[in-house]
């Protein structure tokens, strides 16, 4: 259980330094143990149920949308919280690890606005050690990914380049055409000039 708490907290604050992380994890473990003892003493909860409830209190309160978990007076007693022999994978999705016992608890997720949502908590144990955890609630367990539509600047930019490129090409073509015309005119003038200054042809004949 303690190793699972360390792992969960490490995933939340991975960029922090290792020393502060270890100290914070030890603090959370101490808070977890105190909460388990409180549930066992005040609610007379089974140790597995108390452990599952304490773990859920930590995880749900760090998820988006909820700041705490509320357990009604009878939520942790034997008539409402259940311990079920399992001996198979915890679920058929990401947590396919084999567990021997599954604990289920119905509680309330408290929103910062004051509204409370029903949440269904589920913990998987193997020989008394917590191996898997999940809960179902109206709010998502992770932050949704927002896809922002980019403005079509890219297309306008390249459309502009195409117009500019077209104009440059047109100017270049026009310049080449003008050059060719000038060359043709120059050649024509030279030809005409040559014809004009050419000596008259010698006429053969008798005197």
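In mature numbering (1 follows the signal peptide of the UniProt record, and there is no 0), the protein residues as written are -25 to -1, 1 to 182.
Just so it is clear, CB atoms sit at the ideal spot from N, CA and C, and this is done for glycine as well.
Proximal residues to residue i (C-beta, below 7 angstroms), its chain only, five neighbours per side dropped
i	result
residue 74	61, 65, 99, 100, 101, 106, 107
residue 46	28, 82
residue 63	73
residue 68	none
Nearest-angstrom Cβ-Cβ length linking residue i and residue j, presumed shorter than 8 angstroms
i	j	result
residue 41	residue 84	4 angstroms
Spatial neighbours of residue i in its chain, beta-carbon cut-off 8 angstroms, leaving aside the 5 residues before and after
i	result
residue 32	10, 43, 44
residue 23	58, 76, 78, 98, 100, 103
residue 184	The structure shown does not extend to residue 184, since the chain spans only -25 to 182, so no value can be given for it.
For residue i, the nearest candidate out of the options (CA to CA)
i	options	result
residue 37	93, 86, 95	86
residue 114	35, 53, 103	35
residue 103	58, 92, 51, 5	58
residue 56	8, 14, 7, 112	14
residue 20	53, -1, 7, 112	53
Cut-off 6 angstroms between Cβ atoms - residues of its own chain near residue i, not counting five sequence neighbours on either side
i	result
residue 97	79, 109
residue 205	Residue numbering for the chain in the displayed model covers -25 to 182; residue 205 lies beyond these limits and cannot be assessed.
residue 70	107
residue 12	none
residue -3	none
Beta carbon proximity, residue i to chain B, threshold 8 angstroms
i	result
residue 44	This model lacks chain B altogether, as it is built from one protein chain only.
Do the region 63 to 80 and the region 26 to 38 meet, that is, are 3 or more Cβ pairs less than 8 angstroms apart? As far as the Cβ criterion goes, the region 63 to 80 touches the region 26 to 38, which means the pair count is three or higher.
Enumerate, from N- to C-terminal direction, the unbroken alpha helix (DSSP H) stretches of 4 or more residues contained entirely within the region 13 to 63. 22 to 37
Beta strand (DSSP E) runs contained entirely in the region 70 to 94, provided each spans 3 or more residues: 73 to 85
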